[in-house]
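One structure below.
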Amino acid sequence: MIETIRAAFVIARRDFTAIIFSKSFFFFLLGPLFPLIIGIAAGGLGQQVRQDIDRPIIGVALEEGQAAKLIEARTSLAKNIGNGALPEFLLLPDADPLDPNIKDWLDSADKPLTAIMSGTLEKPVLTGSSRDVKRWTGKIALLSETALSGSNPISVKNDIVVATSSSKKRTQLATAQGGQIILILLTMILAGMVLSNLVEEKTNKIIEILAAAIPMDAIFLGKLFAMLGMALVGITVWSSLGFIGVSVISAGMPDLPAPAIGWPIFCVLMVLYFSMAYLLLGSLFLGIGAMATTVREVQTLSMPVTMGQLLVFFLAAFTVTKLGEPMEWFAVIFPFSSPFAMIARAAQMDNIWQHGAALIWQAMFTLIIIRFSVMLFRRNVMKSGNSGRKKSLLARMRG
Numbered sequence: 074m075i076e077t078i079r080a081a082f083v084i085a086r087r088d089f090t091a092i093i094f095s096k097s098f099f100f101f102l103l104g105p106l107f108p109l110i111i112g113i114a115a116g117g118l119g120q121q122v123r124q125d126i127d128r129p130i131i132g133v134a135l136e137e138g139q140a141a142k143l144i145e146a147r148t149s150l151a152k153n154i155g156n157g158a159l160p161e162f163l164l165l166p167d168a169d170p171l172d173p174n175i176k177d178w179l180d181s182a183d184k185p186l187t188a189i190m191s192g193t194l195e196k197p198v199l200t201g202s203s204r205d206v207k208r209w210t211g212k213i214a215l216l217s218e219t220a221l222s223g224s225n226p227i228s229v230k231n232d233i234v235v236a237t238s239s240s241k242k243r244t245q246l247a248t249a250q251g252g253q254i255i256l257i258l259l260t261m262i263l264a265g266m267v268l269s270n271l272v273e274e275k276t277n278k279i280i281e282i283l284a285a286a287i288p289m290d291a292i293f294l295g296k297l298f299a300m301l302g303m304a305l306v307g308i309t310v311w312s313s314l315g316f317i318g319v320s321v322i323s324a325g326m327p328d329l330p331a332p333a334i335g336w337p338i339f340c341v342l343m344v345l346y347f348s349m350a351y352l353l354l355g356s357l358f359l360g361i362g363a364m365a366t367t368v369r370e371v372q373t374l375s376m377p378v379t380m381g382q383l384l385v386f387f388l389a390a391f392t393v394t395k396l397g398e399p400m401e402w403f404a405v406i407f408p409f410s411s412p413f414a415m416i417a418r419a420a421q422m423d424n425i426w427q428h429g430a431a432l433i434w435q436a437m438f439t440l441i442i443i444r445f446s447v448m449l450f451r452r453n454v455m456k457s458g459n460s461g462r463k464k465s466l467l468a469r470m471r472g
């Protein structure tokens, strides 16, 4: 094992140095300018998730008769201005309309509440975060006036609270979704370079020369970590330029929704989960490179893997609002979707231990794929000879 690690380090240092100091690496750093446009367009794919995140529910703590009038007013207005323009109401029959601690119901109601309407229809009080109160004050006044048959203009008293569980949930879901999009874009941009590097060295017979002196496991590990190191260098450069650009344009960094575990740990987990997603997809590409001998075969075999990677991303993105449900657990356990599902958990859940277990599981599966790729390479390249290269693709896959 020690010899394998040493040999892998030699290969990784060789490949990393050759890539970083090559002329093409500068143009590689310019690459994200093009997929950036695609990433902005792909933001529309999260529309359904954003609708789930921003569905407003306002608790109603009014006397029974006034609550009924408010519901009737909402039904009447919905016919004219649309149901989506008005908040949903959740009656709180056990809440005291004049309770000065009515804000406690924001976190103890059956459903996450955006705000709470209390007091009376003549003098309503809207309790919630600053963002939610400003957003819904006008609609609450309109509904109150409609419930009272528009006798007098209604003035809504605002009761601002620092934060609620509902507002935190919405911002954390936005952070989770953003983390997933960043991971999938970086993984798909960078992982394919592992495949092209291996196929190039197979064509030049370099890989067979290395295999004669170094265990194949060490070669594959070294190549994976060399490409990962190159990817991290590129990400560091892009992130630095991005931070500088945002700071200059916005005169300072904007306030971003904070994840549940805090920004420092979340950023560390972003790097770790990107590394695992990269290694998982890269090890799979190594297996493809072991089976393919021509560029056409590389394209034929890599396309299903790329499409499959998009499917597992869509799976993780679909379950971002379904923590604890069976579908979300499947996304967490399935190795290829696990990094994306776990970064969403990091944004919404503050326990750390689950990330250690997930990273160990992903690393174990990466080693399994590498081992399988080595077996394919030994069968299809090291023992093929001239006759072996004439075999069909299906025959090489079967060994």
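Each number in our numbering corresponds to the 1-based position in the sequence shown with 73 added.
Cβ atoms here follow ideal geometry from the backbone N, Cα and C, with glycine treated the same way.
Note that the structure is predicted; figures quoted are calculated from it, not measured.
Exercise for review: List the endpoints of the continuous beta strand (DSSP E) containing T200.
Suggested key: Here residue 200 refers to the residue found at position 127 of the sequence shown. Taken as a continuous stretch (DSSP letters only), the beta strand (DSSP E) holding T200 covers P197 to S202.
Point to revise | Buried versus exposed, by CB contacts within 10 Å (16 or more), F450 | key: Here the question's residue 450 lines up with position 377 in the sequence shown. Buried, by the Cβ-count rule.
Practice item. Could you check which residue in L359, A286, P185 and I416 has the C-alpha nearest to that of G265? Key: Residue 265 sits at position 192 when you count from the first residue of the sequence shown. The residue with the shortest Cα to Cα distance from G265 is L359.
Practice item. Classify A247 as helix, strand or coil using the three-state DSSP reduction. Key: Translated into positions along the sequence shown, residue 247 becomes position 174. Three-state result, A247: helix.
Review point. By DSSP, does G155 sit in helix, in strand, or in coil?
Key: The residue given as residue 155 occupies position 82 in the sequence shown. Coil at G155, not helix or strand.
Check your understanding: Unbroken alpha helix (DSSP H) runs of length 4 or more, entirely within the segment 327-404: which are they?
Key -> 336-364 and 368-391
**Study point:** Burial state of M303 (16 or more Cβ within 10 Å)
**Key:** The sequence position of residue 303 within the sequence shown is 230, counting from 1. So M303 ends up on the buried side.
Practice item. Kindly identify the DSSP beta-bridge partner or partners of F162. Key: Locating residue 162 in the sequence shown gives position 89, counting from the first residue. In the DSSP output, where bridge partners are listed per residue, F162 has I131.
Practice item. Could you tell me the boundaries of the alpha helix (DSSP H) in which A81 lies? Key: Position 8 of the sequence shown, counted from the first residue, corresponds to residue 81. From DSSP, the alpha helix (DSSP H) with A81 extends over I75 to I93.
Practice item. Determine the DSSP secondary structure at M415, reduced to helix, strand or coil. Key: Stepping through the sequence shown from its first residue, residue 415 is reached at position 342. Helix.
**Study point:** Beta-carbon gap between L216 and A146 smaller than 8 angstroms
**Key:** By 1-based counting over the sequence shown, the position of residue 216 is 143. By 1-based counting over the sequence shown, the position of residue 146 is 73. For L216 and A146, yes; Cβs fall inside 8 angstroms.
Review point. First and last residue of the alpha helix (DSSP H) that includes M448?
Key: Locating residue 448 in the sequence shown gives position 375, counting from the first residue. First-last of the alpha helix (DSSP H) with M448: W426 to F450.
Review point. From this set, C340, W336 and I84, which residue's C-alpha is nearest I308's C-alpha?
Key: If you number the sequence shown from 1, residue 308 lands on position 235. I308 has its Cα closest to that of C340, out of C340, W336 and I84.
Review point. Can you name the start and end residues of the beta strand (DSSP E) that S191 belongs to?
Key: Taking the sequence shown and counting its residues from 1, one reaches residue 191 at position 118. That run of the beta strand (DSSP E) goes A188 to G192.
Practice item. With distances taken Cα to Cα, identify the nearest neighbour of F387 among F409, G211, V447 and A134. Key: Taking the first residue of the sequence shown as position 1, residue 387 is located at position 314. Considering only alpha carbons, the answer is F409.
**Study point:** Strand pairing of K207, partner residues [DSSP]
**Key:** Here residue 207 is taken as the residue at index 134 of the sequence shown, counted from 1. Beta-bridge pairing links K207 to no other residue.
Check your understanding: Are the Cβ atoms of L135 and L194 separated by less than 8 angstroms?
Key -> Position 62 of the sequence shown, counting from 1, holds the residue named residue 135. Position 121 of the sequence shown, counting from 1, holds the residue named residue 194. Their beta carbons are under 8 angstroms apart, which means L135 touches L194 by this criterion.
Practice item. Mind the definition here: the segment 284-300 touches the segment 344-358 only if three or more C-beta pairs lie below 8 angstroms; say whether that holds. Key: yes
Review point. Helix or strand or just coil, what does DSSP make of N174?
Key: Numbered from 1 along the sequence shown, position 101 holds the residue referred to as residue 174. In this structure, N174 counts as coil in the three-state DSSP scheme.
**Study point:** contact_flag[the segment 206-220, the segment 168-175] where n(CB pairs < 8 angstroms) is 3 or more
**Key:** no
Exercise for review: Determine, using beta carbons only, whether Y346 and I416 come nearer to each other than 8 angstroms.
Suggested key: As a working note, residue 346 is residue 273 in the sequence shown. As a working note, residue 416 is residue 343 in the sequence shown. The answer is yes: Cβ separation under 8 angstroms.
Point to revise | K296 - DSSP class collapsed to helix/strand/coil | key: Here residue 296 refers to the residue found at position 223 when the sequence shown is read from its first residue. Correct three-state label for K296: helix.
Review point. Excluding the five sequence neighbours on either side, which residues of its own chain have a C-beta within less than 8 angstroms of the C-beta of S460, listed in chain order?
Key: Mapped onto the sequence shown, residue 460 falls at position 387. Any reading at S460 must be qualified, since the residue scores a pLDDT of 40, below 50, and its modelled position is unreliable; no value is offered.
Exercise for review: Output yes or no for whether 8 angstroms exceeds the beta carbon distance between P129 and T210.
Suggested key: Numbered from 1 along the sequence shown, position 56 holds the residue referred to as residue 129. Numbered from 1 along the sequence shown, position 137 holds the residue referred to as residue 210. In this structure, T210 does not lie closer than 8 angstroms to P129 by Cβ.
Exercise for review: Given a cut-off of 8 angstroms, decide if Q245 and V393 are closer than it, judged by their beta-carbon atoms.
Suggested key: Taking the sequence shown and counting its residues from 1, one reaches residue 393 at position 320. Taking the sequence shown and counting its residues from 1, one reaches residue 245 at position 172. No, these two residues do not count as a Cβ contact at 8 angstroms.
Check your understanding: Are the beta-carbon atoms belonging to F333 and Q421 less than 8 angstroms from one another?
Key -> As a working mapping, residue 333 is identified with position 260 in the sequence shown. As a working mapping, residue 421 is identified with position 348 in the sequence shown. In the sequence as presented, Phe is not what sits at residue 333; that position holds Ala. In contact: A333 and Q421 (Cβ atoms closer than 8 angstroms).
Check your understanding: In or out: F89 buried (at least 16 other Cβ within 10 Å) or exposed?
Key -> Taking the sequence shown and counting its residues from 1, one reaches residue 89 at position 16. Buried: at least 16 other Cβ atoms inside 10 Å.
Check your understanding: The alpha helix (DSSP H) with S410 in it runs from where to where?
Key -> Here residue 410 is taken as the residue at index 337 of the sequence shown, counted from 1. Where S410 is concerned, there is no enclosing alpha helix (DSSP H), given that its DSSP letter is neither H nor E.
Check your understanding: By a C-beta neighbour count over all protein chains shown, 10 Å radius and 16 as the cutoff for buried, is G427 buried or exposed?
Key -> In the sequence shown, residue 427 corresponds to position 354, counting from 1. Before going on, a small fix: residue 427 reads as Gln here, not Gly. So Q427 ends up on the exposed side.
Point to revise | Span of the alpha helix (DSSP H) around I287 | key: What you label residue 287 is simply residue 214 of the sequence shown in a count that begins at 1. Element bounds for I287: n/a, residue is neither H nor E.
Exercise for review: Report the three-state DSSP secondary structure of K212 (helix, strand or coil).
Suggested key: Position 139 of the sequence shown, counted from the first residue, corresponds to residue 212. Reduced to three states, the DSSP call for K212 is helix.
Review point. Under a three-way DSSP split, which group does K230 fall into?
Key: As a first step, residue 230 must be located in the sequence shown, where it is residue number 157. Strand.
Review point. So, helix, strand or coil for L221, using DSSP?
Key: As a working note, residue 221 is residue 148 in the sequence shown. Coil, per DSSP.
Exercise for review: Give the secondary structure of R462 by DSSP, where H, G and I count as helix, E and B as strand, and everything else as coil.
Suggested key: Taking the sequence shown and counting its residues from 1, one reaches residue 462 at position 389. Bear in mind that a pLDDT of 45 at R462, under 50, signals an unreliable position, so the number given afterwards is only what the model happens to contain. Reduced to three states, the DSSP call for R462 is coil.
Exercise for review: Determine, using beta carbons only, whether V133 and A141 come nearer to each other than 8 angstroms.
Suggested key: Within the sequence shown, numbered from 1, the residue matching residue 133 stands at position 60. Within the sequence shown, numbered from 1, the residue matching residue 141 stands at position 68. Going by C-beta atoms, V133 is not nearer than 8 angstroms to A141.
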